[in-house]
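Just so you know, we're using our numbering here: the sequence shown kicks off at 10 and counts up by one. No residue lacks a Cβ here, since even glycine has one placed at the ideal position from N, Cα and C. All values reported here derive from a predicted model rather than from experimental measurement.
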Amino acid sequence: MLLHNKSIAIIGGGPGGLTLARLLQNKGVTVKVYERDSSRDVRVQGATLDLHYQSGLKALEAAGLMDAFKENYRPGADKIRILNKDGVIFFDEHGKEPADNFGDEWFRPEIDRAPLRDLLLNSLQPDTVIWDSHIVSLKKVDDAWQIIFKNGTTAIADVIVGADGANSKIRPFVTPVKPFYSGVTILERNIYDAKNNAPKIYKLLQGGKIMAFGDSKTITMSAKGDGSLDFYIGFKAVDGWVKESGTDFKDNIKILEWFKNEYAAWDDSWQELFEYTESYFTPRPLYCMPLNQYWKAQPDITLIGDAAHLMPPYAGEGVNIAMLDALQLSDSLTGNSFTNLKSAIAGYEEEMFKRFAEVGQESLDNTHWMHSQEGLSKIIELFT
Ligand SMILES: Cc1cc2nc3c(=O)[nH]c(=O)nc-3n(C[C@H](O)[C@H](O)[C@H](O)COP(=O)(O)OP(=O)(O)OC[C@H]3O[C@@H](n4cnc5c(N)ncnc54)[C@H](O)[C@@H]3O)c2cc1C
């Protein structure tokens, strides 16, 4: 095997990095995951994820984790309601029986990020993940890579996989190509104990998802298994708005005022999302890697997931293709199709570039039409 006697360092323990670690360990490869979070108990935020037959579920199947997934997925959490800014429901999947047909390519079961992370972590050999490992740089030392951590310590590995997400510290060692701004910014946060802290919206959500459209703006929401809800509002803004607006995103009172102003034409019932004061908003200007990005493969370093192909979240594909990257990279590195590491990495990267050119285009297209005056009519057309 190409990785015989080689040590692999995966930088970042998100869905992409952990899936890769599991797949490589199943093939007997020596692997460590270096993760910035201080421990596995750090609360995992973010929306519920639907996993797709050809990508996320395929990777879990190959990793031998479908039983664990079936114990943790949330039947019915995919049921969606589509509303306009006045709170009128235009499309509603509640009332439909929840599907649970794992063989059907259109069945997209939902799982929360924390249980997904847990099931991947539980599948790894003890001490695979080195927590509290904030990587700041890499250095080539003879034929190996020295990994440099923020606290001044170092580690050595033969092969590096950058799975460290949107602001990857590994990406510059693979390519100088940078992301561009999509034109849309989101503000995201979690409301804990949503039943009590946002009772009207909680009732409207019914344990599923909501998408609301109006005036070229959106609100996207999902109920989570721990009783919280995650939502993000999307709106057009100039690049640099987060800094230039001078908004203090830790000042919930000011953000409520901002919302009342910016979403003035929206029904007052949406304000419940902003009246909660126990958590802060994360502003995220949405960036995308160039769809035609390309680089020459190296024999000992590559990228997967958002580090390779960051894109806006409106195609619902990011986690799915991060996991598919992991599967294809693992297959290339541990199978018999390639004669050396450079061609194995090149083989994986060729597929990854092609896949991203398509999925990235879809995510950009969705981002643009959803934040246009036609957003509501177009989504209704799609769903019906
Ligand atoms: C609001 C929002 C909603 C989304 N909704 C969906 C959805 O519904 N479906 C979907 O498929 N995708 C969705 N996505 C996209 C999805 O979250 C990402 O595509 C996916 O998480 C990428 O996985 P990853 O493993 O590549 O990176 P990440 O999940 O970003 O994981 C990277 C890991 O690396 C660690 N890390 C970062 N920097 C360092 C460092 N310097 N040193 C060490 N460790 C580091 C981080 O702590 C993290 O654990 C959404 C994204 C957003 C922002």
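Compute the minimum distance between the beta carbon of residue i and the heavy atoms of ligand 2, and state whether it is under 7 Å.
i: I354; result: By its list of ligands, the structure shown excludes ligand 2, since it contains just ligand 1.
Please list, in chain order, all residues of the same chain as residue i whose beta carbon is under 6 Å from its beta carbon, the five residues on each side excluded.
i: L69; result: M75 and F78
i: T227; result: G243 and M379
i: D248; result: Y190
i: L350; result: L11 and P308
i: K88; result: E102, H103 and G217
i: T291; result: E197
Could you name the residues that DSSP lists as bridge partners for residue i?
i: K149; result: W154
i: Y190; result: Y296
i: G199; result: As written in the sequence, residue 199 is Asn, which differs from the Gly given in the question. Note: N199 sits in a beta bridge opposite D239.
i: L482; result: Because the chain spans 10 through 393 in this model, residue 482 falls outside it and cannot be assessed.
i: L312; result: G171
i: I89; result: K218
i: D277; result: Beta-bridge pairing links D277 to no other residue.
i: T393; result: None, per the DSSP bridge assignment.
i: Y402; result: Lying before the first or after the last residue shown, residue 402 is absent from the chain, which here runs from 10 to 393.
i: K226; result: G223
i: F244; result: T194
i: S288; result: DSSP lists no partner for S288.
i: D3; result: Here the chain comprises residues numbered 10 to 393, so residue 3 is not present and cannot be evaluated.
i: T256; result: Per DSSP, none; premise fails for T256.
i: S231; result: K218 and D239
i: A166; result: W154
i: I144; result: F158
Excluding the 5 residues preceding and the 5 following residue i in the sequence, name in chain order all residues of the same chain whose CB lies nearer than 7 Å to its CB.
i: S142; result: Y43, E44, R45 and F158
i: A355; result: A306
i: I389; result: I91, F99 and F100
i: G55; result: R122 and D239
i: K245; result: G192, V193, S225 and H380
i: L128; result: L74, A77, F78 and N81
i: R364; result: I330
i: E358; result: A306 and T311
i: L394; result: With the chain covering only 10 through 393, there is no way to say anything about residue 394.
i: A71; result: L32 and L336
i: T376; result: S191, V193, L295, P321 and Y323
Taking 7 Å as the cut-off, is the CB of residue i close to at least one heavy atom of ligand 1?
i: H380; result: no
i: L350; result: no
i: Y43; result: yes
i: H143; result: yes
i: Y241; result: yes
i: E383; result: no
i: R52; result: no
i: V328; result: yes
i: D113; result: no
i: I219; result: no
i: D46; result: yes
i: K3; result: The first residue shown for the chain is 10 and the last is 393, placing residue 3 beyond what the model contains.
i: A172; result: yes
i: P308; result: no
i: E197; result: yes
i: G236; result: no
i: L58; result: yes
i: R293; result: yes
i: D87; result: no
i: P118; result: no
Quick test of your reading: residue i and residue j, contact by CB under 8 Å. State the CB separation rounded to the nearest angstrom.
i: Y323; j: A207; result: Contact doesn't hold; Cβ gap of about 23 Å is too wide.
i: L29; j: V170; result: 6 Å
i: V40; j: R126; result: Not really, about 17 Å apart at Cβ, beyond 8 Å.
i: L60; j: L66; result: 5 Å
i: S339; j: L133; result: With a Cβ gap of about 14 Å, S339 and L133 do not count as contacting.
i: G25; j: G314; result: 3 Å
i: D173; j: G327; result: That pair is no contact at about 14 Å.
i: T162; j: Q155; result: Not quite, the Cβ-Cβ distance comes to about 11 Å (not below 8 Å), so this is no contact.
i: G3; j: D257; result: Nothing in the structure corresponds to residue 3, since the chain is present only between 10 and 393.
Quick one: residues in its chain with C-beta nearer than 8 Å to the C-beta of residue i, no 5 flanking neighbours on either side, listed in chain order?
i: A274; result: K94, G223 and D224
i: V145; result: I157, F158, K159 and K178
i: V183; result: G171, W304, Q307, I310, T311 and L312
i: E253; result: V247
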